[in-house]
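Please read the structure below before turning to the comments.
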Amino acid sequence: MKCRICNREAVEKYCELHEKAYRSIVQKYDDWKRAIDISWKEYLNELLKNSYTGSWAKEVAERLMKDGDR
Amino acid sequence: MGKYTLIITEKPDAAQRIAQALDSKGKPKKVEENGVPYFLAHRDRELVVVPALGHLYTVVHERGRRNYYPVFNFKWAPRHLAERGAKQIRPWIETISKLANDAEDFIAACDYDLEGSLIGYCILKYACENKEGVAKRMKFSTLMKSELEKAYEEPLPQLNFALIEAGRTRHEVDWLYGVNLSRALTLAARRWSGRYSTLSTGRVQGPTLNFLIGREKKIRSFVPTPYWEIKAEVEIKKSTCEVEYERKRIEKKAEADAVVRACTDKIGEVKEVSVRKFRQKPPVPFDIGTLQTEAYSLFGYTPRRTLGIAQRLYLDALISYPRTSSQKLPPIIDYKKILTALSRKPAYKKLASKLLEKEELKPREGAKEDSAHPAVYPTGKLPERTLSEPEKKVWDLVVKRFMAVFGETAIKQSVKVRLEVNSHNFFLRGRRILKEGWMQFYKPYVRAEEVLLPPIKEGETIRLKRVIRDDKFTNPPPRYNPSSLLKKMEELGIGTKATRADIIETLYNRRYATEERIVVTELGFGIIDILNKYAPRVVSVKLTQELEKKMEQIQSNKEKRENILLEAVEQLKPQLEQFKEKEGPIGEALSNAIKRARMQERIIGNCPTCGTGTLMILYSRKTRKRFIGCTNYFKGICKTSFPLPQRGTVKPMGKNCSSCGWPLVRVQIRGRRPWRLCFNPDCPLKEERRKRDEMQNLQ
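Protein sequences, first through last, are from chains A and B. Following my numbering, the numbering of the first sequence begins with 1 at its first residue and continues without gaps. Following my numbering, the numbering of the second sequence begins with 71 at its first residue and continues without gaps.
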């Protein structure tokens, strides 16, 4: 199976590199929720706007926004 | 000319200086044969001082074609037989061989380190036909006349064979790794795609790229989290000071807002004023690594550039041998003499005199040692030619550092004021220097900002003038720059002081890394992905460290060259076999990585017209001409395109135009200076230039 984003060999939905970014996105959502009450969609939007977000994390966030899943 | 002593040096500049120092009149005769200079000097006897050109010999494949692997049989051969573009080596070796025929004695006077010892050994063995056993060795750390004369009068009776063996082993092991792995990568990609691309890796290059990738992965998958800081200002005796809130980070926005509400416009009371004195010892003398780091942070020079500058200063006898890992300054170098000599320069007179007034001169030394050379220090000689600006800066830095290590401990005072406002604590901090000590010698390179506070007493009341919530995000780990990468390599113990800077440069040249704050390219990722999968041992930092340690042990006769070579072959063999077995998938993955890298190199930046597309360098199918176009063209959304020069190479600069903010490209035509091009036809800079040209034409 190919990665949904970059066409590399996928581990699950994504390749090893994007999978790591995906896990980080899911894991950090709890911190964001605790800090400011924020919905999943708003959270992804914030990540896309943020200049510190890594490029793979942005690609995953964009994909998640499009697919509407988590 | 009768019989003479042949002195072999590493570089032409060093040969000239040694000949000048040893000639009884200080005026050796320069002779040139086939473009190779050498010097005739007279002392107690006739001397011929002939330079090398760095390494004249290198490791090559013993026999066979260039396009297969594994190859484990090698020999040492003249560089011009092995490398393209090394034609100039042939006359050099011929001239040395000719001079060796009539020579009676031989002295190696190359730099006293791994590389220098090996250069001298190879010339004596191959060009002079097995004179390595009878040759003597001059050992010196500066090119000062007195030191060179002493090194000539009291030479070491023979070459340092342990050092030579260590150098030989290092070159041979590096060759085994470099040739085999690079061929494996290049051939796999070529057999799959039919196209040739030079791909390389090496014993140190691979692990270095590997840990760069470790950092890159963290940065690219980084997800920031928000936090808040409280910023506040107080007014004390008509001056405004910033105060710090007791908690550096507040993880919840609501909590930060509560602090702001509780403290805004409130009056606080000074609960505590604590004053602390602390001492700051002088810095330690420069070894090459710390000199490179300091020059990078002060002047922005890459480690390789600093090494080049330091080498020139050494050849001018202005500083001691720079490729040293020592942080020690032995008294034998004669501190007083150096300082007295330096005081002839007005800029150093006052500082040097201050040090000379001291009863005893004792430098602060670091822990690192080098049996061959002391730390980098100025010789005391003043420049005879006009130094370039970078040379001036590095020389001044070395001089001031040398003086600073003899300085006294600096004494600083810090003041911490605790202000309680509505049960919240704020801190006001001040810093001042009580005694400059060594700092006076290290100006302007010393980093010590003073923050002076007005007098404050406990029990005083102070109003918080402004309290704000500062929205922050956690940052990804910083990118390496050439200097911090060099430091990291040193920490990990991979590479040597002489090779680290070159390895970093190779990563750029191979296009595995770009930009000053190092970004690993798609190609860099591709190479390491494959090596990690199919030959993980060759990118392992741990294994490289172990091999480095063993190679170092050769220098102290605790390890043998043969054992290490055998170990290297044993490590490589299974990795290369696996590589060969999986050549198909490896070739495919590499070709894809090359394709992605080429694509990445064509990306210019965001499209300023549609805002969602990406501008790329594209080629017209009809005319084959190149232009800049938006990727959204293929979706039928955006038709933005710009013409490009058709000659030379065009590369994105990764920077934006200072006037219009559009991305810039760099155009380079062979034989001409490269220039930056803003392709925005309406760029205000272009308009300005047009007007200026018109004015000039009118005038």
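Backbone N, C-alpha and C fix where the C-beta goes; we use that ideal spot for every residue, glycine too.
Is the shortest distance between the beta-carbon of residue i and the beta-carbons of chain B less than 7 Å?
i, result
"residue 49/A", "no"
"residue 30/A", "no"
"residue 21/A", "yes"
"residue 24/A", "yes"
From the beta carbon of residue i, is the nearest beta carbon of chain A less than 7 Å away?
i, result
"residue 330/B", "no"
Which residues in chain B sit within 8 Å of residue i, going by Cβ to Cβ distance?
i, result
"residue 35/A", "295, 296, 297, 321, 322 and 323"
Exposed or buried, what is residue i when buried is set at 16 or more other beta-carbons lying within 10 Å of its beta-carbon?
i, result
"residue 704/B", "exposed"
"residue 72/B", "exposed"
"residue 372/B", "buried"
"residue 183/B", "buried"
"residue 9/A", "exposed"
"residue 580/B", "buried"
"residue 617/B", "buried"
"residue 590/B", "buried"
"residue 362/B", "buried"
"residue 181/B", "buried"
"residue 763/B", "exposed"
By the criterion of Cβ-Cβ separation under 9 Å, what are the contact partners of residue i in chain B?
i, result
"residue 44/A", "Under the 9 Å cutoff, chain B gives no residues; its nearest Cβ is about 11 Å from residue 44/A."
### Query
At a cut of 8 Å, does the segment 313–331 of chain B reach the segment 32–45 of chain A through at least three beta carbon pairs?
Yes, the segment 313–331 of chain B touches the segment 32–45 of chain A.
Cβ contact check for the segment 228–245 of chain B and the segment 402–415 of chain B: 3 or more pairs under 8 Å | Contact between the segment 228–245 of chain B and the segment 402–415 of chain B is absent, because fewer than three Cβ pairs lie under 8 Å.
Review point. Just by C-beta distance, which residues in the segment 259–291 of chain B are closer than 9 Å to chain A?
Key: Legend: CB atoms of the segment 259–291 of chain B lying less than 9 Å from CB atoms of chain A belong to residues 287, 288, 289, 290 and 291.
Interfacial residues, the segment 52–63 of chain A to chain B, with Cβ spacing under 7 Å
Listed by position, the residues of the segment 52–63 of chain A near chain B (Cβ gap below 7 Å) are 52, 53, 54, 55, 56 and 57.
Item to complete: Taking only beta carbons into account, state which residues of the segment 525–553 of chain B come closer than 9 Å to chain A, listed in chain order.
Response: Those would be 543, 544, 545 and 546, in chain order.
At least three beta-carbon pairs within less than 8 Å, the segment 389–405 of chain B to the segment 478–492 of chain B = Pairwise C-beta distances place the segment 389–405 of chain B out of contact with the segment 478–492 of chain B, as fewer than three of them are shorter than 8 Å.
Exercise. Are three or more beta carbon pairs between the segment 113–129 of chain B and the segment 77–91 of chain B nearer than 8 Å?
Worked result: Flag = yes, the segment 113–129 of chain B and the segment 77–91 of chain B touch.
| message | Under 8 Å: do the segment 242–250 of chain B and the segment 631–642 of chain B share three or more Cβ pairs, one atom per stretch? | response | The segment 242–250 of chain B is in contact with the segment 631–642 of chain B.
Given 8 Å, three or more beta-carbon pairs between the segment 424–438 of chain B and the segment 182–200 of chain B:
No, the segment 424–438 of chain B does not touch the segment 182–200 of chain B.
Does the segment 354–366 of chain B come within contact of the segment 434–442 of chain B, defined as at least 3 CB pairs closer than 8 Å? Enough Cβ pairs lie closer than 8 Å, so yes.
Spell out a yes or no on whether the segment 250–267 of chain B and the segment 162–176 of chain B are touching, meaning 3 or more CB-CB pairs, one atom from each, closer than 8 Å. Output reads no: the segment 162–176 of chain B does not touch the segment 250–267 of chain B.
Determine contact between the segment 338–346 of chain B and the segment 488–500 of chain B, defined as no fewer than three beta-carbon pairs at a distance below 8 Å.
With the cut-off at 8 Å, the segment 338–346 of chain B and the segment 488–500 of chain B touch.
inquiry  = Between the segment 289–305 of chain B and the segment 551–568 of chain B, can you find at least three pairs of beta-carbon atoms closer than 8 Å?
reply    = In short, these stretches do not touch, since the Cβ pair count stays below three.
Cβ pair count under 8 Å reaching 3, the segment 664–672 of chain B against the segment 585–600 of chain B | Cβ pair count under 8 Å is three or more, so yes.
Within 8 Å, do at least three Cβ pairs link the segment 139–158 of chain B to the segment 638–646 of chain B?
The segment 638–646 of chain B vs the segment 139–158 of chain B: in contact.
- Query: Is there contact between the segment 526–544 of chain B and the segment 198–211 of chain B, where contact requires at least three CB pairs shorter than 8 Å?
  - Reply: Under the 8 Å Cβ criterion, the segment 526–544 of chain B does not count as touching the segment 198–211 of chain B, having fewer than three qualifying pairs.
At least three beta-carbon pairs within less than 8 Å, the segment 557–566 of chain B to the segment 687–705 of chain B: Fewer than three pairs of CB atoms, one per stretch, sit closer than 8 Å, so the segment 557–566 of chain B makes no contact with the segment 687–705 of chain B.
| request: Could you tell me whether the segment 364–379 of chain B touches the segment 504–513 of chain B, where touching means 3 or more Cβ pairs closer than 8 Å? | output: Short answer: they don't touch.
- Taking 8 Å as the threshold, find out whether the segment 301–315 of chain B comes into contact with the segment 492–507 of chain B through three or more Cβ pairs. Contact holds: three or more Cβ-Cβ distances are below 8 Å.
Do the segment 270–284 of chain B and the segment 43–53 of chain A touch if we need at least three Cβ pairs shorter than 8 Å? No contact exists between the segment 270–284 of chain B and the segment 43–53 of chain A.
Below 8 Å, can you find three or more Cβ-Cβ pairs linking the segment 684–693 of chain B to the segment 653–661 of chain B?
-> As far as the Cβ criterion goes, the segment 684–693 of chain B does not touch the segment 653–661 of chain B, which means the pair count is below three.
Item to complete: Report yes or no: do the segment 461–480 of chain B and the segment 508–527 of chain B share at least 3 C-beta pairs separated by less than 8 Å?
Response: Contact holds between the segment 461–480 of chain B and the segment 508–527 of chain B, because three or more Cβ pairs, one in each stretch, are under 8 Å apart.
- [ ] Determine, using beta-carbon pairs with one atom in the segment 145–160 of chain B and one in the segment 90–103 of chain B, whether at least three such pairs fall under 8 Å.
- [x] Here the segment 145–160 of chain B makes no contact with the segment 90–103 of chain B; the two share fewer than three CB pairs at distances below 8 Å.
Does the structure place the segment 248–267 of chain B close enough to the segment 537–548 of chain B that three or more beta carbon pairs sit under 8 Å?
These segments do not touch.
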